[in-house]
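If you read the protein sequences in the order shown, they are chains C and E.
Residues are numbered in our numbering as their position in the first sequence, beginning at 1, plus a constant of 2.
Residue 51 in our numbering is what sits at position 56 of the second sequence, and the numbering runs on without skipping anything.
See below for the structure under consideration.
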Amino acid sequence: TSAAATGCPTCGMPAMEKGTEERYLVEIAKQQILSKLHLRERPNITQTVPRAALMTALRKLHAGRVRQDGTLELDNNVPNSRTSNQAYEIVSFADVDERVSAGTDTSLSFQFLQEKGHSVQVLQSSLWLYVRPADAPHHRGRVNAEISLPASSGANRTLLLQRSVDVSRGGWHTFPVTGALQAFLDGGQRRLRLEVHCEDGGRNLCSHEASGDSSHQPFLVAQVQLREDANKHALSKR
Amino acid sequence: SLRCGDDVSVCCKKDFYIKFRDIQWQDWIIAPEGYHMNYCMGQCPQHLSGSPGIASSFHATVFSQLKANGIHTAVSSCCVPIQRRPLSMVYFNSQHTIVKTDVPDMIVESCGCT
Chain C
3 TSAAATGCPT CGMPAMEKGT EERYLVEIAK QQILSKLHLR ERPNITQTVP RAALMTALRK
63 LHAGRVRQDG TLELDNNVPN SRTSNQAYEI VSFADVDERV SAGTDTSLSF QFLQEKGHSV
123 QVLQSSLWLY VRPADAPHHR GRVNAEISLP ASSGANRTLL LQRSVDVSRG GWHTFPVTGA
183 LQAFLDGGQR RLRLEVHCED GGRNLCSHEA SGDSSHQPFL VAQVQLREDA NKHALSKR
Chain E
-4 SLRCGDDVSV CCKKDFYIKF RDIQWQDWII APEGYHMNYC MGQCPQHLSG SPGIASSFHA
56 TVFSQLKANG IHTAVSSCCV PIQRRPLSMV YFNSQHTIVK TDVPDMIVES CGCT
């Protein structure tokens, strides 16, 4: 009875004033969220992604099993590997490098920073590109889109993949870049540069700048998983 | 599992919701709009120990043995979360990359006595 009177029978702490209690709980919530997201402090957002670009990416990303309040629909019969293995998804919007982009080539760069003490295993990654429709009314309908790594230190550019895409109508196309992203992250670099070439009659169909529509900004989606560096070393040794 | 109210003094789940806008975190957390930081509170009298939900655990078996043998005077029972849900979050990290992650065990769903 005496414990109940103090307000917190479980931990035996005296009851706090209502305002104090609320501030205290908010602080706990903040710490809990930062800790679970492996962040030391809240990110300082100095530049914002255009809302249209954000909405496009989120629509592509958002799974049907997430409710409005962020809780997940769980199927108890299926083990949830995504929550148990610290897997998460990232969306990185491309910065278009105007100095390098020329003619029918577009140079995209994506910035990544890995946490200290962790390396990342890329489970799946795709580059999302909006390909604009070709101008010609009687166009044959398809062009070749090429994704390459830029030339570096005397070596030529490396072609990652080439695909024929339908340009009779504009639309989003995905290009798998899992291996390239993994190699980039394993190399400990910060900025991934990709060159895109998809032209039709000298017209760059993959340049979102020319369309002036921010909802067509290219982005890279990756499903990744944290792995401890110690485990990685142990595996290499074996 | 009980939900806390004015007339509940035994172990129960207290709902507590924080809107990210209220703490000025809406600029970096895109979704959801807030966080249900529910927690457990209340008394755990002896007859409620080990219930509900954890009867199959090793600890519950040990407690049952202690109770059956009358060795419960030094044992206190605590009101703790016995069921949690993951939370899916979409946010900007410091590099302005959008991250979507399913954080396990973030939301307390129900409480019980150890």
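C-beta atoms are modelled at their ideal positions from N, C-alpha and C, and glycine is treated no differently.
Being a predicted model, the structure only gives us computed values, none of them experimental.
Nearest to residue i (by Cα), restricted to the options the options
| i | options | result |
| --- | --- | --- |
| residue 216 of chain C | C/129, C/40 and C/56 | C/56 |
| residue 148 of chain C | C/199, C/183, C/27 and C/186 | C/199 |
| residue 50 of chain C | E/9, E/89, E/106 and E/109 | E/89 |
| residue 27 of chain C | E/81, E/-4 and E/11 | E/11 |
| residue 220 of chain C | C/24, C/46 and C/93 | C/93 |
| residue 78 of chain E | E/-2, E/98 and E/105 | E/105 |
| residue 86 of chain E | C/110, C/47 and C/131 | C/47 |
| residue 38 of chain E | E/103, E/24, E/92 and E/-3 | E/-3 |
| residue 40 of chain E | E/82, E/94 and E/73 | E/73 |
| residue 143 of chain C | C/25, C/19, C/207 and C/185 | C/207 |
| residue 168 of chain C | C/111, C/151 and C/131 | C/131 |
| residue 96 of chain C | C/107, C/89 and C/111 | C/111 |
| residue 14 of chain E | E/76, E/32 and E/4 | E/32 |
| residue 83 of chain E | E/26, E/107 and E/93 | E/26 |
| residue 153 of chain C | C/44, C/36, C/196 and C/37 | C/196 |
| residue 75 of chain E | E/4, E/107, E/24 and E/30 | E/107 |
| residue 166 of chain C | C/61, C/177 and C/31 | C/177 |
| residue 23 of chain C | E/34, E/91, E/93 and E/109 | E/34 |
Minimum Cβ-Cβ distance from residue i to chain E less than 9 Å
| i | result |
| --- | --- |
| residue 28 of chain C | yes |
| residue 197 of chain C | no |
| residue 95 of chain C | yes |
| residue 19 of chain C | no |
| residue 89 of chain C | yes |
| residue 54 of chain C | no |
| residue 60 of chain C | yes |
| residue 98 of chain C | no |
| residue 219 of chain C | no |
| residue 84 of chain C | Bear in mind that the predicted position of residue 84 of chain C carries a pLDDT of just 47, short of 50, making it unreliable; the figure below should be weighed with that in mind. Answer yes: the Cβ-Cβ gap between residue 84 of chain C and chain E drops below 9 Å somewhere. |
Exposure label - residue i; buried when at least 16 CB within 10 Å
| i | result |
| --- | --- |
| residue 161 of chain C | exposed |
| residue 171 of chain C | exposed |
| residue 126 of chain C | exposed |
| residue 100 of chain E | exposed |
| residue 95 of chain E | buried |
| residue 80 of chain C | At residue 80 of chain C the pLDDT is 42, less than 50, meaning the model places this residue with poor confidence; the figure from the coordinates comes in the next sentence. Looking at its Cβ environment, which holds fewer than 16 other Cβ atoms inside 10 Å, residue 80 of chain C is exposed. |
| residue 107 of chain C | buried |
| residue 54 of chain C | exposed |
| residue 31 of chain C | buried |
| residue 16 of chain E | exposed |
| residue 37 of chain C | exposed |
| residue 71 of chain E | exposed |
| residue 80 of chain E | buried |
| residue 50 of chain E | For residue 50 of chain E, the predicted structure reports a pLDDT of 44, less than 50, and the residue's modelled location is therefore unreliable. A value from the coordinates is still provided. Looking at its Cβ environment, which holds fewer than 16 other Cβ atoms inside 10 Å, residue 50 of chain E is exposed. |
| residue 157 of chain C | exposed |
| residue 209 of chain C | buried |
is_contact[residue i, chain C] using C-beta, thresh 9 Å
| i | result |
| --- | --- |
| residue 77 of chain E | no |
| residue 22 of chain E | yes |
| residue 8 of chain E | no |
Cα-Cα separation between residue i and residue j, rounded to whole angstroms
| i | j | result |
| --- | --- | --- |
| residue 191 of chain C | residue 7 of chain E | 50 Å |
| residue 91 of chain C | residue 2 of chain E | 44 Å |
| residue 21 of chain C | residue 29 of chain C | 12 Å |
| residue 86 of chain C | residue 98 of chain E | For residue 86 of chain C, the predicted model reports a pLDDT of 49, less than 50, meaning its position is unreliable and no value from the coordinates is stated. |
| residue 58 of chain C | residue 218 of chain C | 8 Å |
| residue 9 of chain E | residue 146 of chain C | 59 Å |
| residue 163 of chain C | residue 52 of chain C | 29 Å |
| residue 174 of chain C | residue 128 of chain C | 12 Å |
| residue 225 of chain C | residue 109 of chain C | 23 Å |
| residue 204 of chain C | residue 133 of chain C | 14 Å |
| residue 194 of chain C | residue 42 of chain C | 25 Å |
| residue 202 of chain C | residue 18 of chain E | 50 Å |
| residue 4 of chain C | residue 36 of chain E | In this prediction, residue 4 of chain C scores a pLDDT of 47, lower than 50, which makes its location untrustworthy; no coordinate-derived value is stated. |
| residue 102 of chain E | residue 113 of chain C | 32 Å |
| residue 223 of chain C | residue 25 of chain C | 37 Å |
| residue 122 of chain C | residue 0 of chain E | 45 Å |
| residue 23 of chain E | residue 30 of chain E | 14 Å |
- Which residues, taken in chain order from the stretch 83 to 100 of chain E, show a beta carbon closer than 8 Å to some beta carbon of chain C? 83, 84, 85, 86, 87, 88, 89, 90, 91, 92, 93, 94, 95, 96, 97, 98 and 99
- Query: Got a sec: which bits of the stretch 33 to 45 of chain C sit with their beta carbon under 8 Å from any beta carbon on chain E, in order along the chain?
  - Reply: 34, 35, 38, 39, 41, 44 and 45
- Item | Residues in the stretch 169 to 203 of chain C having any Cβ partner in chain E nearer than 8 Å | none
- Residues of the stretch 139 to 169 of chain C with Cβ closer than 7 Å to any Cβ of chain E, in chain order: none
- Message: To be precise: take each residue of the stretch 119 to 136 of chain C, compare its Cβ to all Cβ atoms of chain E, and keep it if any distance is under 8 Å. Which residues remain?
- Response: none
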